[in-house]
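In our numbering, the protein residues as written are 2 to 293. The structure under discussion appears below in the form of structure tokens.
Here it is in structure tokens:
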């Protein structure tokens, strides 16, 4: 018996040079919530619009610092930190003032340079993606309106999250603590916030509108995906794309956690490659990745 397969693809497949790290950019807007401190109060007021721009490299090796297992030895809570060669850059603009924090590599432990938390239980739990540039973690601040003194410990932090409500709710924000996946699931974020702190009492606390969040990988290139068909006889999806002889290509599909997973791979023998994969469900979205 044959089955109905819905194949989702665009006229172009996303292709990137597959290397150890890829730059990821986030952009969002929000509004100031609370302002405290004599340095910040003359510059910023509650309700002022906020522009958030941040970037990082997602190829860092993470370190898991917390895991909780249930009575059946199933992992249901995990927190992982990424701090080596992350090249984190956070820029916050409020009116005519811009704060910028940069951090090439942090150190293990608090304040956790980049933290990813995945929780698989219902109730008052949160999937969380938090990024922090702090001076005591090796961060620097090329732009920081307001007077800083030697004893200050400035910090800029952004947090994206999803409140778990359990039951038959929509899928939670994350399904792993894999840094390469968190930017692909941004549509599941339900809450976001951040702050700028001098470390000595001056603070700007702001919220971010989840609907405004956009992410992209600026080094992605587009190539023509020439054809995608379903072969009912062999229950296969056949993809055809322009290729470079000798190059390796990875066929990926978009999993339920909105993360691209490897389906298959092949080395191109000619200027056009045709490759068949077995579908995992009734609907699948594919892309082709060219390895460097």
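Idealized CB from N, CA, C, for every residue including glycine. Small disclaimer: the values here were computed from a predicted structure and weren't measured.
For residue i and residue j, what's the separation of their Cα atoms in angstroms?
i	j	result
residue 184	residue 290	17 angstroms
residue 84	residue 49	32 angstroms
residue 254	residue 235	19 angstroms
residue 6	residue 269	Here residue 6 scores only 49 on pLDDT, less than 50, and its place in the model should not be relied on; the value that follows carries that caveat. Taking the straight line from one Cα to the other gives about 27 angstroms.
residue 63	residue 179	8 angstroms
residue 160	residue 111	15 angstroms
residue 34	residue 114	24 angstroms
residue 220	residue 56	12 angstroms
residue 173	residue 260	13 angstroms
residue 274	residue 243	6 angstroms
residue 252	residue 190	27 angstroms
residue 99	residue 279	50 angstroms
residue 200	residue 256	41 angstroms
residue 38	residue 204	6 angstroms
residue 46	residue 246	59 angstroms
residue 131	residue 288	28 angstroms
residue 86	residue 104	9 angstroms
residue 210	residue 263	32 angstroms
When the Cα of residue i is compared with those of the options, which residue comes out closest?
i	options	result
residue 214	202, 186, 59 and 58	186
residue 286	268, 258, 72 and 272	258
residue 88	25, 205, 250 and 202	25
residue 198	146, 53 and 210	146
residue 230	118, 56 and 284	284
residue 248	266, 233, 232 and 262	266
residue 346	121, 129, 135 and 273	This structure leaves residue 346 out entirely; the chain is present only between 2 and 293.
residue 239	228, 200 and 246	228
residue 194	158, 174, 271 and 148	158
residue 138	216, 274 and 107	107
residue 163	156, 175, 155 and 135	175
residue 277	292, 256 and 250	250
residue 78	155, 118 and 237	118
residue 82	27, 217, 30 and 177	177
residue 58	151, 226, 217 and 95	217
May I ask you to report which of helix, strand or coil DSSP gives residue i?
i	result
residue 187	helix
residue 213	helix
residue 136	helix
residue 31	strand
residue 231	strand
residue 141	strand
residue 77	strand
residue 256	coil
residue 219	coil
residue 151	coil
residue 294	The requested residue 294 is not part of the displayed model; the chain covers only 2 to 293.
Using the rule of at least 16 other Cβ atoms within 10 Å of the residue's Cβ for burial, across every protein chain shown, is residue i buried or exposed?
i	result
residue 67	exposed
residue 212	exposed
residue 70	exposed
residue 42	exposed
residue 16	Bear in mind that a pLDDT of 43 at residue 16, under 50, signals an unreliable position, so the number given afterwards is only what the model happens to contain. Classification for residue 16: buried.
residue 61	buried
residue 116	buried
residue 21	Caution is warranted here: a pLDDT of 44 is assigned to residue 21, below 50, making its placement in the model unreliable, and no coordinate value can be reported.
residue 29	buried
residue 292	exposed
residue 155	buried
residue 232	exposed
For a test of your reading of the model: does the CB of residue i fall under 6 angstroms from any non-hydrogen atom of the ligand NAP? Yes or no.
i	result
residue 79	The model depicted lacks the ligand NAP and carries no ligand whatsoever.
3-residue-minimum beta strand (DSSP E) runs that sit fully inside the segment 94-118, ordered along the chain
As far as the segment 94-118 is concerned, its whole beta strand (DSSP E) runs of at least 3 residues are 98-104.
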